[in-house]
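Asker:
In our numbering, the protein residues as written are 170 to 857.
1. Using 8 Å as the Cβ pair cut-off and three pairs as the minimum, do the stretch 564-581 and the stretch 326-342 touch?
2. Only counting the same chain, and skipping five residues up and downstream in sequence, which positions put a Cβ closer than 7 Å to that of residue 611?
3. Counting along the chain, where does the alpha helix (DSSP H) carrying residue 212 start and finish?
4. Residue 859: buried (16+ other C-beta within 10 angstroms of its C-beta) or exposed?
5. Should residue 665 go down as buried or exposed, given a rule of 16 or more other Cβ atoms within 10 Å for buried?
6. Using the beta-carbon count (16 or more within 10 Å), is residue 293 buried or exposed?
7. Can you tell me whether DSSP reads residue 536 as helix, strand or coil?
8. Measure the C-alpha to C-alpha separation of residue 644 and residue 614 and round it to an integer number of angstroms.
9. Tell me, to the nearest whole angstrom, how far the beta carbon of residue 699 is from that of residue 692; I am working on the premise that it is less than 8 Å.
10. First and last residue of the beta strand (DSSP E) that includes residue 438?
11. Apart from the five residues just before and just after residue 712, which ones in its own chain have a Cβ nearer than 7 Å to its Cβ?
12. Taking residue 781 as the reference, give the member of 774, 493 and 801 with the closest Cα.
13. Sort 506, 522, 632 and 369 by Cα distance to residue 161 and report the nearest one.
14. State the Cα-Cα distance for the pair residue 851 and residue 543, rounded to the nearest angstrom.
15. Suppose you measure from the CA of residue 448 to the CA of residue 495; what does that come to, to the nearest Å?
16. Measure the C-alpha to C-alpha separation of residue 414 and residue 658 and round it to an integer number of angstroms.
17. Return the Cβ separation of residue 774 and residue 764 in integer angstroms, given the expectation that the two are a contact with Cβ distance under 8 Å.
18. In the DSSP assignment, find the unbroken alpha helix (DSSP H) run with residue 564 in it and report its ends.
19. Look at the Cβ atom of residue 845, then the Cβ atom of residue 303, and state whether they are nearer than 8 Å.
20. Taking the beta carbon of residue 592 as the centre, do at least 16 other beta carbons fall within 10 Å, making it buried, or is it exposed?
21. If contacts are defined as beta-carbon pairs under 8 Å, then residue 740 and residue 722 qualify, I think. What distance do you get, rounded to the angstrom?
22. Put residue 481 into one of helix, strand or coil per three-state DSSP.
23. Beta strand (DSSP E) containing residue 316: first to last residue?
24. For residue 701, name the three-state secondary structure that DSSP assigns.
25. Using a threshold of 8 Å, state whether the C-beta atoms of residue 533 and residue 519 are closer than that.
26. Just to confirm the assignment, what range does the alpha helix (DSSP H) spanning residue 329 have?
27. With DSSP run on the structure shown, which of helix, strand or coil describes residue 578?
28. With a Cβ-Cβ cutoff of 8 Å, do residue 406 and residue 343 count as a contact?
29. Roughly how far, in whole angstroms, is the beta-carbon of residue 245 from the beta-carbon of residue 224, given that I think they are within contact range, below 8 Å?
30. Please go through the stretch 444-517 and give each complete beta strand (DSSP E) segment of 3 or more residues, from N-terminal end onward.
31. Name the one or two DSSP bridge partners that residue 253 has.
32. Between the C-alpha atoms of residue 545 and residue 680, what's the straight-line distance to the nearest angstrom?
33. Determine, using beta-carbon pairs with one atom in the stretch 231-241 and one in the stretch 249-260, whether at least three such pairs fall under 8 Å.
34. Where DSSP assigns a beta bridge to residue 749, which residues make up the other side?
35. Excluding five sequence neighbours on each side, which residues of the same chain lie with their C-beta closer than 8 Å to the C-beta of residue 581?
36. Residues in the same chain with beta-carbon distance under 7 Å from residue 630, minus the five sequence neighbours each way, listed in chain order, please.
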């Protein structure tokens, strides 16, 4: 921190010397005193945002009586805007040029800054699309030669794949013996001949594996000795070590795994706050990473640690959300993103011997939210994944007797810009809870509760780092369940107090009995039980107080729903062409069946047969019918629970993922989410 203050003080001294006129005034004027106060706010307090209105107040008050000090204050405001990455910096410099032509020193700085901005604007790096669609996986990396992308098969069993970027051809490298085995994150070796990846194995443990790019038998380097999770972030330039983040018992560790002998060395231990990215410097001496200095995780700073463990340093210390993207191939600069200007922008930071050399320089305005940094190619293109904004909640109004529409579909109110997910009515129908994420907020999801009567929307300050698109109301209407990671780094089903945002971990995400996040979680009407799908694929009833479980429907299934009285379960099953039961990942032509059965035992009855049924399934409040989505059109059908002809309803939402029926039976919340993902390449080959 002392280094930063000295750097800012030096900048302040240079700017004061540039004006010249301040020193010639002799005794300090009121304007000078105010300028010193504002400068202290910016430099000593480290708060340029708060200093800006102080500078501008000096300009307004002394613009005609003390033009030298006013010009200096305007220059300081422009520099503060620039430090924050705020586009208002250019307007402040332009104002200085237009209004203070008689202040040559300040004028010179302003013109220099504007010239640099203009030059930068004319050389904005190009962005091109490499891949887009529902099958894009962001958990891989680009090969260093730029020819391939790694990732998982999102439309099938989750096997490790590589994509030829020239032809679009996909090659599968792995296979599993159990239906729940799948690949997580993967990275290429420095010479692009091998890939390291994390695999959920047949024992439901994560291990780190290495496989040749052409396939073959993988080698296990490291299996987690305890329940937890891990992610490989980068391979050392010499190919000897892999930097891996390991999470066990809520503790995050940065470890180096030896490729030659599988040895594991802990380089750094974090608390529950974890880095979003880590990257080896091209000389192999340092690892850059980002980390949150605050409990809420809203801000992130950038750090480096020496690979030999000898020292650490802070590279970026700012109130914004700054994230590491990766080192430029020349090893002299680090690419980061920051939302300090209000949009998510890319910056280059000069780094010398593991220390920052100056402030981050803007290289690309508004690159959208970087969902996944996917690496640099040797020629200088940075590859990254984005998720276009494409989710919302709509309300359809119907006559529950006839099924006819009584009003046009409308989006949930509240004047929100961004994504909204899984709109779900409260048990009494007085509120709707939904999840949301705003542009440029790093897809940090928020929990919102909207009043059905007034339309007022309240954001609940949930003490979770992030959570899946799942909402389950408790019968008391004062709590609900989310599935995500708490502030201590623990994954699982979390009980949320809607009045305070406090959370309680109900079921940890480890072992065969944990909840599969691809399926719903439902309370029993008396609040004693949770119905969920376990990792083994069965619908299970779990007593909250004791943890006792019982299987109520054998898997595999596509989805399920519990009737409002808690007595009957509806299940969507999928049969392959040869009659085998398959799960929701099956892509071959199949037949879908809706079955209903008593939760306390008894034979299941088949009430509907169709195809391409989605995971959106809900009971009517009276228990007489079931609402189900048919994909890919996103249409809604009403199926009699006793069997009989189904009725297509006059409602349709693209990417329909969730249906929630109001207790009055007249309003239906339809949550749609298109699964578009995209991989882009930012051209930084000219060394900017």
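For every residue, glycine included, the Cβ atom is placed at its ideal position computed from N, Cα and C.
Computed from a predicted model, the values in this text were never measured in an experiment.
Answerer: Considering the structure as presented:
1. The answer is no - the stretch 326-342 does not touch the stretch 564-581, with fewer than three Cβ pairs under 8 Å.
2. On the chain shown, residue 611 is found 442 positions in, with the first residue counted as 1. Residue placement at residue 611 cannot be trusted, given a pLDDT of 40 that sits under 50; what the coordinates show is reported in the next sentence. Only residues of its own chain outside the window of five on either side were considered, and among them 490 and 538 have a CB closer than 7 Å to the CB of residue 611, listed in chain order.
3. Sequence index remark: in the chain shown, residue 212 carries index 43 (1-based). First-last of the alpha helix (DSSP H) with residue 212: 199-212.
4. Residue 859 lies beyond the stretch modelled for the chain, which goes from 170 to 857, so this question has no answer here.
5. As a first step, residue 665 must be located in the chain shown, where it is residue number 496. Classification for residue 665: buried.
6. Reading the chain shown from its first residue, position 124 is the one you call residue 293. Result: exposed.
7. Numbered from 1 along the chain shown, position 367 holds the residue referred to as residue 536. DSSP places residue 536 outside both helix and strand once states are collapsed to three, so it counts as coil.
8. What you label residue 644 is simply residue 475 of the chain shown in a count that begins at 1. What you label residue 614 is simply residue 445 of the chain shown in a count that begins at 1. Their backbone Cα atoms lie some 24 Å apart in a straight line.
9. Stepping through the chain shown from its first residue, residue 699 is reached at position 530. Stepping through the chain shown from its first residue, residue 692 is reached at position 523. The pair is a contact, with the Cβ atoms about 6 Å apart (cut-off 8 Å).
10. Here residue 438 is taken as the residue at index 269 of the chain shown, counted from 1. 433-439 is the span of the beta strand (DSSP E), which, as asked, contains residue 438.
11. In the chain shown, the residue the question calls residue 712 occupies position 543. Excluding sequence neighbours, residue 712 sits near 697 and 698.
12. For the purposes of this step, residue 781 is taken as residue 612 along the chain shown, with counting starting at 1. Residue 801 is the option with its Cα nearest to residue 781.
13. No answer is possible for residue 161: the residues shown for the chain start at 170 and end at 857.
14. Taking the first residue of the chain shown as 1, we reach residue 851 at position 682. Taking the first residue of the chain shown as 1, we reach residue 543 at position 374. Per the coordinates, the alpha-carbon of residue 851 lies some 11 Å from the alpha-carbon of residue 543.
15. One-based indexing of the chain shown puts residue 448 at position 279. One-based indexing of the chain shown puts residue 495 at position 326. The alpha-carbon of residue 448 is positioned some 6 Å away from that of residue 495.
16. On the chain shown, position 245 is the one that residue 414 refers to. On the chain shown, position 489 is the one that residue 658 refers to. Near 13 Å, if we compare the C-alpha coordinates of residue 658 and residue 414.
17. By one-based count along the chain shown, residue 774 stands at place 605. By one-based count along the chain shown, residue 764 stands at place 595. Residue 774 to residue 764, Cβ: 7 Å. Contact.
18. As a working note, residue 564 is residue 395 in the chain shown. Careful: residue 564 lies outside any alpha helix (DSSP H), inside the beta strand (DSSP E) at 560-567.
19. As a first step, residue 845 must be located in the chain shown, where it is residue number 676. As a first step, residue 303 must be located in the chain shown, where it is residue number 134. With a cutoff of 8 Å on beta-carbon distance, residue 845 and residue 303 are scored as near each other.
20. As a working note, residue 592 is residue 423 in the chain shown. Counting Cβ neighbours within 10 Å, residue 592 comes out buried, since at least 16 surround it.
21. As a working mapping, residue 740 is identified with position 571 in the chain shown. As a working mapping, residue 722 is identified with position 553 in the chain shown. The pair is a contact, with the Cβ atoms about 5 Å apart (cut-off 8 Å).
22. Residue numbering aside, residue 481 sits at position 312 when the chain shown is read from its first letter. The three-state reading of DSSP puts residue 481 in strand, counting E and B together.
23. Counting from 1 along the chain shown, the entry for residue 316 is found at position 147. Per DSSP, residue 316 belongs to no beta strand (DSSP E) and is neither H nor E.
24. Taking the chain shown and counting its residues from 1, one reaches residue 701 at position 532. In the structure shown, the three-state DSSP call for residue 701 is strand.
25. The count along the chain shown starts at 1 and reaches residue 533 at position 364. The count along the chain shown starts at 1 and reaches residue 519 at position 350. No.
26. Against the chain shown, residue 329 aligns to sequence position 160. Taken as a continuous stretch (DSSP letters only), residue 329 belongs to no alpha helix (DSSP H), being part of the beta strand (DSSP E) at 329-333.
27. Looking up residue 578 in the chain shown gives position 409. If DSSP states are grouped into helix, strand and coil, residue 578 belongs with the strands.
28. The residue given as residue 406 occupies position 237 in the chain shown. The residue given as residue 343 occupies position 174 in the chain shown. Not in contact: residue 406 and residue 343 (Cβ atoms no closer than 8 Å).
29. Translated into positions along the chain shown, residue 245 becomes position 76. Translated into positions along the chain shown, residue 224 becomes position 55. The C-beta separation of residue 245 from residue 224 comes to about 5 Å, placing the pair in contact by the 8 Å criterion.
30. List check, beta strand (DSSP E) in window: 447-449, 455-460, 470-475, 481-485, 491-496 and 502-507.
31. Against the chain shown, residue 253 aligns to sequence position 84. BP columns for residue 253 are empty, so no partner.
32. Position 376 of the chain shown, counting from 1, holds the residue named residue 545. Position 511 of the chain shown, counting from 1, holds the residue named residue 680. Residue 545 and residue 680: Cα-Cα distance of roughly 36 Å.
33. Contact between the stretch 231-241 and the stretch 249-260 is absent, with fewer than three C-beta pairs closer than 8 Å.
34. Taking the first residue of the chain shown as position 1, residue 749 is located at position 580. Note: residue 749 is not bridge-paired with any residue in the DSSP secondary-structure output.
35. Residue mapping note: residue 581 aligns to position 412 of the chain shown, counting from 1. Residues 561, 562, 563, 564, 589, 592, 601, 603, 619 and 838 of the same chain have their beta carbon placed closer than 8 Å to that of residue 581, with the five preceding and five following residues left out of the count.
36. Start at 1 with the first residue of the chain shown, and residue 630 comes out as number 461. Cβ within range, chain order: 670.
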